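Below is one structure; the comments refer to it alone.
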Amino acid sequence: GAVVSQHPSWVICKSGTSVKIECRSLDFQATTMFWYRQFPKQSLMLMATSNEGSKATYEQGVEKDKFLINHASLTLSTLTVTSAHPEDSSFYICSASVAGGLRFFGPGTRLTVL
Amino acid sequence: AQKITQTQPGMFVQEKEAVTLDCTYDTSDPSYGLFWYKQPSSGEMIFLIYQGSYDQQNATEGRYSLNFQKARKSANLVISASQLGDSAMYFCAMREGGLTGANSKLTFGKGITLSVRP
């Protein structure tokens, strides 16, 4: 299957700092990427849809000024958690579409805000 | 109404036996896709199998098969010859819209925990 990478795989930061998470499609071009967050023992919740060269589309209840998404190229989308707080601690996963409609996921980033 | 329903909270299966994980869905879109993913404790989402709404035959991928019953709106995952490494969380998901729905989001069920006993 297609390979999607994420960096970093885990990050611990102090409250009030910003954290950037990168999502890359390694062997294909992804015009659309998706960002999810997942709390322990729960399902994935879509945060936003990221389209290359345009503004991201955020799901209801997701603060776009808090979770900044940039999809500057066909292989890279970034999620920046601005002024992170402990309640932002979660598992963040990106996904990319490939031709034919299949979806592949990155390995996820575990964020802990102290 | 929930779009994807996975009601089994946890499943146990003996190693080498087959197990069925249930998934029902709800959509009025004639074009949709159904996915199953495996999430081990490491957190990565591993793609297992895909079924398109217009596919005539049930999808199969190695030990995984999808029992697609369109009229009942069910898409159960069957794992044959269970292995200890199959212990994980399993998610059913649906994509609506378009032939491939490249820009369409996936809606996930709550997931099912599968434990394989030696």
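Top line first, the protein sequences correspond to chains A and B.
With our numbering applied, the first sequence closes on residue 114, and no number is skipped along the way.
With our numbering applied, the second sequence closes on residue 1118, and no number is skipped along the way.
Even for Gly, the Cβ is constructed at its ideal location relative to N, Cα and C.
It should be emphasised that the depicted structure is a prediction, and the values quoted were computed from it without experimental measurement.
Residues Y36, Q38, L44, F105, G106, G108 of the same chain have their beta carbon placed closer than 7 Å to that of A:I93, with the five preceding and five following residues left out of the count. The C-alpha of A:V62 lies about 6 Å from the C-alpha of A:M47. In the three-state scheme derived from DSSP, where H, G and I count as helix and E and B as strand, B:E1015 is classed as coil. Linking B:Q1002 to B:D1026 through their CA atoms gives a straight-line distance of about 7 Å.
Sequence-distant Cβ neighbours of A:G16 in its own chain, meaning closer than 8 Å and more than five residues away, are S83, A84, H85. Annotated as distal: A:I21 and A:T112, with beta-carbon spacing of 9 Å or more. Ranked by Cα distance from B:T1024, the options B:F1091, B:S1104, B:R1063 are led by B:F1091.
By alpha-carbon distance to B:S1065, the top candidate from B:S1053, B:S1080, B:A1071, B:R1072 is B:S1080. Residue environment for B:G1111: buried (at least 16 other C-beta atoms within 10 angstroms of its C-beta). At a cut-off of 9 Å between C-beta atoms, A:P107 counts as an interface residue with respect to chain B. A distance below 9 Å separates the beta carbons of B:L1048 and B:L1077. Where B:R1072 is concerned, there is no enclosing beta strand (DSSP E), because DSSP gives it neither an H nor an E. In the structure shown, the three-state DSSP call for B:E1044 is coil. Within the model, the alpha-carbon separation for A:R103 versus A:L114 is close to 33 Å. A:T49 reaches chain B at N1103, K1105, counting residues in chain order whose Cβ is nearer than 8 Å. Of all residues in the region 23–51 of chain A, the ones placed with a Cβ closer than 9 Å to any Cβ belonging to chain B are T31, T32, F34, Y36, Q38, K41, Q42, S43, L44, M45, L46, T49, N51, in chain order. Between A:I93 and chain B, the shortest Cβ-Cβ separation is below 9 Å. For A:V3, the CB contacts under 7 Å within the same chain, skipping 5 residues up- and downstream, are L26, D27 in chain order.
For the C-beta of A:F104, the chain B residues within less than 9 Å are, from N- to C-terminus, M1045, F1047. Listed along chain B, no residue sits closer than 7 Å to A:G61 by beta-carbon distance, the nearest being about 14 Å off.
Ranking A:A56, A:K41, A:T31 by CA distance to the CA of A:A96 puts A:T31 first.
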